[in-house]
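In full-length UniProt numbering, the protein residues as written are 1 to 190.
Heads up, the beta-carbon is just placed ideally off N, CA and C, and yes, glycines get one too.
Source: prediction; values computed, not measured.
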């Protein structure tokens, strides 16, 4: 009786987990790391270094925009902080991390290509920007209901009835807590 081994101490090719596939992508003989590695994770197609650099440029743009906007609010001093101090600190961190990503990401091969799922992320960002633009113009009620409704229908693929009830109910709850109970001066219609 002979037993086929895989070279590991006491291991067999079949083992309790079944035959070994070789690599992270499930192909026999494809190594997970080192020469010959595909860089793909869970079947994703690698995108290359320019995807990392592109992400760094976008993140850097967001960070710089945050720096400019928070500076305009006034950062004050550490002993007397202004309203822009924490946004400035966070934007500075984002900008710094974007620089690190841009420098270190140029040699990376483990990035994923932009796919249809990437468009969902872009849709979320566009929705948030639209929300931020409409908030001071028409109050928080309408943009909040529209944003929640869109996210539940498009991203969550929920039924219309549930989406409407949850969207309106959530905004009503926020109104009750923040406007009525806490008396926070939010831009609003009512």
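In chain order, 63 and 67 place their CB closer than 8 angstroms to the CB of residue 92, counting only its own chain and leaving out the 5 sequence neighbours on each side.
One thing to note: residue 148 has its Cβ within 8 angstroms of the Cβ of residue 166. Short of 7 angstroms from the beta carbon of residue 187, and not among the five residues preceding or following it, lie these beta carbons of its own chain, in chain order: 135, 136, 139 and 140.
Each residue's CA atom was taken as its position, placing residue 94 and residue 105 some 15 angstroms apart. In this structure, residue 60 keeps its C-beta atom at 8 angstroms or more from the C-beta atom of residue 124.
For residue 76, the pairing in a beta bridge is given by DSSP as 81. Looking from the CA of residue 111, the closest CA among 118, 49, 178 and 184 belongs to 49. A direct Cα-Cα distance of roughly 26 angstroms separates residue 170 from residue 119. When secondary structure is reduced to three states using DSSP, residue 158 falls in the coil class, being assigned neither helix nor strand.
In the structure shown, residue 112 adopts extended strand secondary structure according to DSSP, grouped into three states.
Our two residues, residue 87 and residue 56, have alpha carbons roughly 19 angstroms apart in a direct line. In the DSSP assignment, residue 183 falls outside any alpha helix (DSSP H) and carries neither an H nor an E.
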